[in-house]
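Data block below; observations after.
In this note's numbering, the protein residues as written are 146 to 420.
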């Protein structure tokens, strides 16, 4: 047993020695994957929600929307929280500064909300195919690791005015983004009255300007996080978010125009007045 523990400790130390390289590699991989996702989603819509293709096939087997959302999002929250506690317990080397923890807490709060609040608010919804759920699960697990360890090892906050301005700007954008995202999600959930089915045109707030106000809010949210974290892992996540949400917004925008003859012509897909 002692030999096994010694071997595990040795492998862990070897991993930690290479962690800077691993984090930068994972960031590059996330950006590369984002480029692929961006191209693919313009030809093939993300296969969940209104575009779900869940069947009885193993890869396409149906997972209830609420269950899938909770299970795929919660790893980002759990992994990041566990890694933070392992540092505090001194089971992992290093120590977070107040600013590092403060910025990382934004990420943790977001995924707490998405896992334990948003997922429970889902009513109905088309089931998610297993492969789409699995890919999201893997992404959130890896991203939880990247942001928790990247905050410790890659995010530096010198005590100067520029750093304070950068973190403040990031916080403002993050708060505006998460508020917009949550408000738009709430509006979408309440479009239909009890017993109603079918799709409706969302109106009000950001939906007066774009078809996907919730996506725009999330993009702003993670741009703010990237500015505050000032690290490759934060930048990679913001890049992937944009690459994932922009083509999906364009697909939603096209869907609305095809579905409704009276859909507002001046409304853009995701970025007000631009796209």
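Glycine included, each C-beta is placed from N, C-alpha and C at the ideal position.
One Cα belongs to residue 266, the other to residue 181, and the distance between them is close to 31 Å. In the three-state scheme derived from DSSP, where H, G and I count as helix and E and B as strand, residue 417 is classed as coil.
By the criterion of a C-beta distance shorter than 6 Å, residue 357 is surrounded in its chain by 394, 397 and 415, once the five residues flanking it on both sides are discounted. Here the alpha carbons of residue 317 and residue 221 stand approximately 23 Å from one another. Short of 7 Å from the beta carbon of residue 309, and not among the five residues preceding or following it, lies no beta carbon of its own chain. Taking all protein chains shown into account, residue 418 has fewer than 16 neighbouring C-beta atoms within 10 Å of its C-beta and is therefore exposed.
Judged by beta-carbon spacing, residue 323 lies beyond the 8 Å limit of residue 349, meaning their Cβ atoms are not closer than that value.
Around the beta-carbon of residue 259, 16 or more other beta-carbon atoms lie within 10 Å, marking it buried.
Here residue 373 is actually not in contact with residue 289; their C-beta atoms are around 18 Å apart, not less than 8 Å.
A check of alpha carbon separations from residue 264 across 334, 238 and 234 identifies 334 as the nearest. For residue 214, the enclosing alpha helix (DSSP H) covers residues 210-233. The bridge partners DSSP lists for residue 190 come to none. Of the candidates 353, 249, 244 and 301, 353 places its Cα closest to the Cα of residue 408.
The three-state reading of DSSP puts residue 268 in coil, since its state is none of H, G, I, E or B.
Around the beta carbon of residue 411, a 10 Å sphere encloses fewer than 16 other beta carbons of the protein chains shown; the residue is thus reported as exposed. Contact annotation: the stretch 240-253 touches the stretch 289-307, with at least three C-beta pairs closer than 8 Å.
Taking all protein chains in view, the Cβ of residue 326 is crowded by 16 or more other Cβ atoms within 10 Å, so the residue is classified as buried. Around the C-beta of residue 235, fewer than 16 other C-beta atoms lie within 10 Å, and the residue is accordingly described as exposed. The closest CA to that of residue 167, considering only 287, 400, 364 and 268, is found on 287. In the three-state scheme derived from DSSP, where H, G and I count as helix and E and B as strand, residue 274 is classed as strand.
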